[in-house]
Amino acid sequence: MHDATIAHLAQSLKDRKVSSKELTKHFLDRISRLDTGLNSFITVCEEEALAQADSADERLATGDVTPLTGIPIAHKDIFCTEGVKTSCGSRILDNFISPYDATVVAKLKAAGAVMLGKTNMDEFAMGSSNETSFYGVVHNPWDTTRVPGGSSGGSAAAVAAQLVSGATGTDTGGSIRQPAALTGITGLKPTYGRVSRYGMVAFASSLDQAGTLTRTAEDSALMLQVMAGADERDSTSLPATVPDFSKAQKSAWENITIGVPDNFFDDSLDTKNAQLVKEALSVFEKLGARIKDIHLKHIHLSVPVYYVVAPAEASSNLSRFDGVRFGHRAEHAENLTELYMKTRGEGFGSEVKRRILTGTYVLSAGYYDAYYLQAQKVRQLISQDFAEAFKTVDVIAGPTTPTPAFRIGQKTDDPIQMYLNDMYTIGAPLAGLPALSMPCGFINNLPVGLQLIGPHLSEEKLFKAGYYYQQETDWHNFVPSGYEA
Amino acid sequence: MLLNREDVEKLCLLSRLEITQEEMEDVSAKLSDIVNMVKQLQAAETTGVLPMAHPLDQAQRMREDTATEKDHHEKYQQNASLVERDLYLVPKVID
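Protein chains in written order, with my numbering: chain A, 60 to 544; chain B, 4 to 98.
And the structure:
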């Protein structure tokens, strides 16, 4: 039953062919058998999950259900979960038991989803390989000597290995789409503000957005339906109506125009990866879509813009970790400054320290205009390029990553090389756009992804393109060897 | 290197972040590489471009200035290392 999609499981639960308790036990058993080689979970909530499954079964008996009632899911350990450790992959939060639920968690709970546990992640979501976690590296189920991508690497590995039906993630520069691509699953980063950020540990608040990691675009639509919507506790959540994603997704195909930026097919892109993305585009052509070459004039500056804006916001957001109110606290500090410095020095890992220092540098007197203000101006230009492109195309397509998954340790010593992994995914969050990655083939048994980027609030379009593509292809059905049974 | 030891020490104090002497060289080198990489932004032509404030051009929503949350301090303080009489304890600040 682990190989079934959320959509199929929902039907089986509704028809009472299986109970949520049976499903939950089955997945918990898989986690205990198979996760030792992956390290995709930081916390497994067996007791809570079984209790939630019992409640879901009672609810299923009454018929008052949602498509997620009784479905086992996992949350990235960046979402606050009441009474359960919320570490954000960091030593500084290793002892933090969240006193409340994030809005995303509360909404999924209210829909009846069963939380199996909290997934591993790059520390404070800063990383593209899940190697910066305090809880150790996550391994890619397609080849355990390789990274699963990051920062939602635990969620991606767990869904790919079928340890859970679907998981939440967050995407600031590619943290849902990149790991989804490298583990052969479907990942959605919604429009900025589509999903509430309340209770989601903040990294870069103008970019952070919660989304989904699932096997299919159909499942992603089911999860987003529950997660999306305005929230008075997040003033940046959008007051837009949430459409019926599943209905829109399965509506009759309309011929769309897909823009393909030449900039996404540069020298950094693996030639086989380029070929697989082009083959994916030909699937859309067969469906009747028109492919149009486009050019995004400033997109080549998205990596430097991101590495000014995101660290700047992070340096401010992470100032709340002071050792006083919650989290790790250093011992033997003589004064307050020493307490802060020691606590943060001990509590944060090297990548997080690097980003805080970079952020402090670009915001400091004398450098603010040259770096931060200039980055926000170039960000505007990147956003305008997308807006201009969307005047003539419905969606933009390209690769999600330049290459398939790389080896653990291969890029840890060179931050710039690591940052360049996100070169195709950073543009969408800078412009606040929704984007979907789905599997489009394999290179030496390693999956790669096709990325679709849409205008603001166009998740229906992405879901529909994803759904129709997955009706025509079966890349999303492949399972890494060793995880089938 | 673009950033020397003194620069990094100053940034560490501003960031209230201790790094060890062993970490220092590696941190300076990598920070210098990052600053070098983001420097390419300075060549971009941005005359007359407004810096982006929000990706969807939204303004901050206002609400009535009324309390909507209850007092949860006892629950919240369970996560603190040192609390006495509902107060968070820190090292002595004033002599």
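Note that the Cβ used here is the ideal one computed from N, Cα and C, for glycine as well.
Since the model is a prediction, treat every value here as computed from it, not as a measurement.
Around THR250(A), the same chain offers GLN268, LEU297, GLY491, LEU492, PRO493, HIS515, LEU516, SER517 and GLU518 as residues with beta carbons nearer than 8 Å, after the five sequence neighbours per side are excluded. For LEU335(A), the enclosing alpha helix (DSSP H) begins and ends at 330–346.
For HIS357(A), same chain residues with a beta-carbon under 7 Å away, outside a window of 5 residues either side, are VAL437, LEU440, ILE441 and ASP444 in chain order. Between the alpha carbons of VAL218(A) and THR50(B) lies a distance of about 46 Å. Collapsing the DSSP output to three states places GLU72(B) in coil. MET174(A): member of the beta strand (DSSP E) spanning 173–178, first to last residue.
Under the Cβ distance rule, ARG19(B) counts among the residues neighbouring chain A, one pair being separated by less than 8 Å. Around the beta carbon of ASN189(A), a 10 Å sphere encloses 16 or more other beta carbons of the protein chains shown; the residue is thus reported as buried. Comparing C-alpha distances from LEU109(A) to each of LEU222(A), HIS85(A) and GLY318(A) shows the shortest one belongs to HIS85(A). With a threshold of 8 Å between beta carbons, TYR420(A) makes contact with chain B.
Contacts between ILE97(B) and chain A, judged by CB atoms closer than 8 Å, are missing: the closest CB pair is about 10 Å apart.
Per DSSP, the beta bridge partners of TYR91(B) are VAL86(B). Against chain A, the CB of ASP36(B) has a partner CB under 8 Å away; the residue lies at that interface.
Judged by their CB atoms, HIS391(A) and THR402(A) are not nearer to each other than the 8 Å cut-off. Counted as a single uninterrupted DSSP element, the stretch harbouring VAL301(A) is not any alpha helix (DSSP H), since DSSP gives it neither H nor E. Residue pairing from DSSP places PRO320(A) in a beta bridge opposite ILE353(A).
Of the other Cβ atoms in all chains shown, fewer than 16 fall within 10 Å of the Cβ of THR451(A); this residue is therefore exposed. Its Cα nearest to that of VAL285(A), the residue VAL124(A) stands out among ILE467(A), VAL124(A) and HIS61(A). Among the residues of chain A, none has a CB under 8 Å from the CB of MET27(B); the nearest is roughly 12 Å distant. For the 8 Å CB-CB criterion, ALA348(A) and ILE315(A) form a contact.
The segment 78–93 of chain A makes no contact with the segment 179–188 of chain A: fewer than 3 CB pairs, one atom from each, lie closer than 8 Å. Check the Cα spacing between ILE467(A) and each of ARG292(A), GLN433(A) and GLY195(A): the tightest is with GLY195(A).
By the neighbour-count criterion, in which a residue is buried when 16 or more other Cβ atoms sit within 10 angstroms of its Cβ, TYR427(A) is exposed. The segment 73–117 of chain A contains, as complete beta strand (DSSP E) runs of 3+ residues, the segments 100–103 (chain order).
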